[in-house]
Amino acid sequence: MNRRKALNGLRIIYLAVAAALISWTIFARWGELSRLLDGTRLAWLAASLVMSFGMLGLSGALWRHLLIAQGEPVALSTAVHSTARAVLARYVPGSIWFALGRATLLSRLGVGAGPLTVTAATEIVLSVATTVAGGAILLGLVGAFPGGALWMVGAAIVLAAAASPAVAGRAIAFVAAKRGAQMAKISWRSYLGAVGISVAFWTWSALTFTTYLRAFPLADGIGIATLIGGFLFAWGVGFLAIFAPQGIGVFEVTLAAILFDGGLSETAVLIGGYRLITLVRDAIATGLAEATAPRFTPPDPFPTDNH
Numbered sequence: 002m003n004r005r006k007a008l009n010g011l012r013i014i015y016l017a018v019a020a021a022l023i024s025w026t027i028f029a030r031w032g033e034l035s036r037l038l039d040g041t042r043l044a045w046l047a048a049s050l051v052m053s054f055g056m057l058g059l060s061g062a063l064w065r066h067l068l069i070a071q072g073e074p075v076a077l078s079t080a081v082h083s084t085a086r087a088v089l090a091r092y093v094p095g096s097i098w099f100a101l102g103r104a105t106l107l108s109r110l111g112v113g114a115g116p117l118t119v120t121a122a123t124e125i126v127l128s129v130a131t132t133v134a135g136g137a138i139l140l141g142l143v144g145a146f147p148g149g150a151l152w153m154v155g156a157a158i159v160l161a162a163a164a165s166p167a168v169a170g171r172a173i174a175f176v177a178a179k180r181g182a183q184m185a186k187i188s189w190r191s192y193l194g195a196v197g198i199s200v201a202f203w204t205w206s207a208l209t210f211t212t213y214l215r216a217f218p219l220a221d222g223i224g225i226a227t228l229i230g231g232f233l234f235a236w237g238v239g240f241l242a243i244f245a246p247q248g249i250g251v252f253e254v255t256l257a258a259i260l261f262d263g264g265l266s267e268t269a270v271l272i273g274g275y276r277l278i279t280l281v282r283d284a285i286a287t288g289l290a291e292a293t294a295p296r297f298t299p300p301d302p303f304p305t306d307n308h
């Protein structure tokens with residue numbers, strides 16, 4: 002408990018420092034930022050906002066798939082609705098609130114705590130494996146990553162094995178058993194299906210970000226494979242930076258270093274603008290989910306007769 006409190010405190014301090022540095026960069030280097038913003042194509046920004054909603058659908062599909070694999074039938078509409086309704090919890094310091102929010106909403110519909118725990122943990126493991134390995138392989142293939150692609154393929158195999166039911170699944174089940182929860186194992190067939198959905202999610206996420214960055218002339222000379230690979234790898238690095246909520250700052254600086262030769266602070270701020278797109282999306286999605294919440298709320302088993 003003390004360790005968790007210390008980590009949350011570190012995250013809050015980190016966010017405060019990051020906010021100060023971003024503010025300083027905007028004010029101190031406004032001239033350079035203005036030049037980067039010249040010629041911005043608003044249609045590309047609008048397209049990235051529209052595309053970003055697909056990420057919520059794919060995330061909901063992954064949760065549904067994993068829950069069904071554990072004997073918990075959940076409708077796709079219900080899984081997507083819980084995703085949209087809880088998504089603003091991503092902005093609360095700490096790494097558990099989004100998953101906890103989704104799990105809470107689904108548990109009210111009768112979904113078991115054990116399968117929800119496995120689902121949340123598996124999603125995280127698959128996300129790290131997909132982003133780090135996928136990004137490294139793409140960057141290696143285009144020559145933007147030292148060492149070539151061969152050992153990257155080996156890294157992908159190791160990461161995939163670590164995320165498999167044979168390894169990660171047993172580890173999660175062991176931890177759950179220590180906490181008194183009984184969990185169904187995920188079969189290899191279901192696991193491979195989850196891998197496919199995770200790859201689809203992160204591919205769509207990378208394409209959404211690429212669409213955002215294409216709004217700025219600065220990115221015109223960068224190939225799509227480099228953009229996608231850089232996005233995936235940098236986002237994976239942000240995942241691993243447990244002190245940075247949502248990888249804020251770590252993702253931006255890492256990707257700016259991969260894609261651009263100079264102007265690290267300005268380009269990192271420009272890349273960070275993508276978070277404004279997802280923030281707008283999350284606000285819209287949550288509003289719509291709250292408006293339609295009665296459709297997904299179970300009836301009161303003991304209704305009160307007021308007549």
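Just add 1 to wherever you are in the sequence shown, counting from 1, and you've got my numbering.
Where a beta carbon is used, it is the ideal one built from N, C-alpha and C, also for glycine.
What are the start and end residues of the alpha helix (DSSP H) that includes residue i?
i, result
"Phe54", "Leu43 to Ala70"
"Ser83", "Leu77 to Ala87"
"Phe217", "No alpha helix (DSSP H) contains Phe217, which DSSP labels as neither H nor E."
"Val119", "Ala114 to Leu142"
"Tyr92", "Run containing Tyr92: none; DSSP gives neither H nor E here."
"Gly224", "Neither: Gly224 is in no alpha helix (DSSP H) and is coded neither H nor E."
"Arg109", "Here Arg109 belongs to no alpha helix (DSSP H), and DSSP marks it neither H nor E."
"Arg321", "Outside the displayed span of the chain (2 to 308) sits residue 321, for which this structure offers no information."
"Val253", "Sequence inspection shows Glu at residue 253; the Val mentioned does not correspond to that position. Its alpha helix (DSSP H) spans residues Val251 to Leu260."
Give me the residue from the options with the minimum Cα distance to residue i.
i, options, result
"Leu271", "Pro218, Thr118 and Gly194", "Pro218"
"Arg171", "Val126, Lys186 and Ala162", "Lys186"
"Arg75", "Tyr92, Leu50, Ala104 and Ala242", "Per the sequence presented here, residue 75 reads as Val, with Arg not at that position. Among Tyr92, Leu50, Ala104 and Ala242, the Cα nearest to that of Val75 belongs to Ala104."
"Pro116", "Ala70, Leu140, Leu110 and Arg109", "Ala70"
"Val133", "Ile229, Gly288, Arg282 and Met56", "Ile229"
"Asp283", "Thr211, Ser53 and Ser49", "Ser53"
"Val126", "Ser165, Glu73 and Gly72", "Ser165"
"Thr131", "Ala207, Thr268 and Leu50", "Ala207"
"Phe252", "Asp262, Ile243 and Val238", "Val238"
"Ala257", "Leu68, Ala269 and Ser191", "Ala269"
"Leu193", "Gly102, Ala162 and Val129", "Ala162"
"Ser78", "Ala121, Ala62 and Thr211", "Ala62"
"Trp189", "Ala100, Asp221, Arg276 and His66", "His66"
"Thr204", "Ala48, Asp262, Gly250 and Ser128", "Ser128"
"Leu89", "Thr211, Leu46, Gln247 and Ala122", "Gln247"
"Thr279", "Thr212, Leu68 and Ala100", "Thr212"
"Gly273", "Ala286, Asp262 and Thr255", "Thr255"
Could you confirm whether any beta carbon from chain D is found closer than 8 Å to the beta carbon of residue i?
i, result
"Phe261", "The structure shown contains no chain D, having only a single protein chain."
For the pair the segment 187-199 and the segment 208-224, tell me if three or more CB-CB distances fall below 8 Å.
no
Stretch-stretch touch, CB-based, cutoff 8 Å, three pairs: the segment 137-147 with the segment 229-244
yes
Can you confirm whether the segment 78-97 touches the segment 55-65 when touching is taken to mean that 3 or more C-beta pairs between the two stretches lie within less than 8 Å?
yes
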